[in-house]
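What follows is a short report on a single structure.
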Amino acid sequence: MGDNDVDDDDDLLVSPETDWDDRDFVLAVVGHSGLAIRHASGRLQADREVVLRAVRQNGRALEFASDDLRADRKIVLAAVGKWAIALEFASDDLRDDRDVVLRAVRKWGVALKHASDRMRADREIITIAVKRNSAALKYASEDLRAEFDADDRGRRLGTGAVTLSHPNVVDKPAATK
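When the sequence shown is numbered by the working numbering, its final residue is 1610 and no position is left out of the sequence of numbers.
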């Protein structure tokens, strides 16, 4: 670890004397170690400023936010901008929000895994996700997975995707010059 790295699992932060309901203390701590919010009182896990500071330091801190704040668009956008997989902890409504999902898959395509079914069927989102990480394709809707698979086979074989995917078309050898 470098001098500025913080071990988010550092038990030194937790002691019987620590007042995890002290807002000023928690604000200071989560500014350096976002995941420390897991130790904060429920009241502070529902405090917008505390949670926003935590997710800006470590997007995974969204996991420990109150349900109301997991539905807060600004907080979720900050979280997925820092750690794309934070999409997993967003409300159902925000996992169906195009801008939120786009921000996540632009950072890491496999974040598509946590998007709504509707977003997994969005061609632009799938294209971006697969460009970032080809493994994201397995989380696309069945129709888009089949379409992308056919397109990919067509490109690799030097033929059109329609040729490969249409049952009445027989593969023909490439013309020789």
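For glycine and all other residues, C-beta sits at the position ideal for the given N, C-alpha and C.
Rounded to whole angstroms, the Cβ separation of residue 1565 and residue 1539 is 7 Å, and the two are in contact under 8 Å.
For the alpha helix (DSSP H) assignment, the uninterrupted runs of no fewer than 4 residues enclosed by the region 1458-1489 are, from N- to C-terminal side, 1475-1478. Cβ contact annotation for residue 1578 (same chain, cutoff 8 Å, sequence separation greater than five): 1570, 1571, in chain order.
In its chain, beyond the 5 residues on either side, 1529 have a beta carbon closer than 7 Å to the beta carbon of residue 1551. Non-local beta-carbon contacts of residue 1514 in its own chain, meaning distances under 8 Å to residues more than five positions away in sequence, involve 1492, 1536, 1540 in chain order. Taking C-beta atoms as the reference points, residue 1473 and residue 1459 count as a pair closer than 7 Å. Scanning 1531, 1456, 1499, 1466 for the CA closest to the CA of residue 1522 turns up 1499.
Distance check between residue 1567 and each of 1525, 1507, 1516, 1581 places 1581 closest, using alpha-carbon atoms only. Pairing residue 1454 with residue 1560, the inter-Cα distance amounts to about 45 Å. Ranked by Cα distance from residue 1518, the options 1502, 1548, 1525 are led by 1548. Its chain contains 1477, 1480, 1483 as the residues whose beta carbon lies nearer than 8 Å to that of residue 1456, once the 5 sequence neighbours on both sides are disregarded; these appear in chain order.
Annotation: the continuous alpha helix (DSSP H) that includes residue 1508 extends over 1506-1515. Around the beta carbon of residue 1475, fewer than 16 other beta carbons lie within 10 angstroms, which makes this residue exposed.
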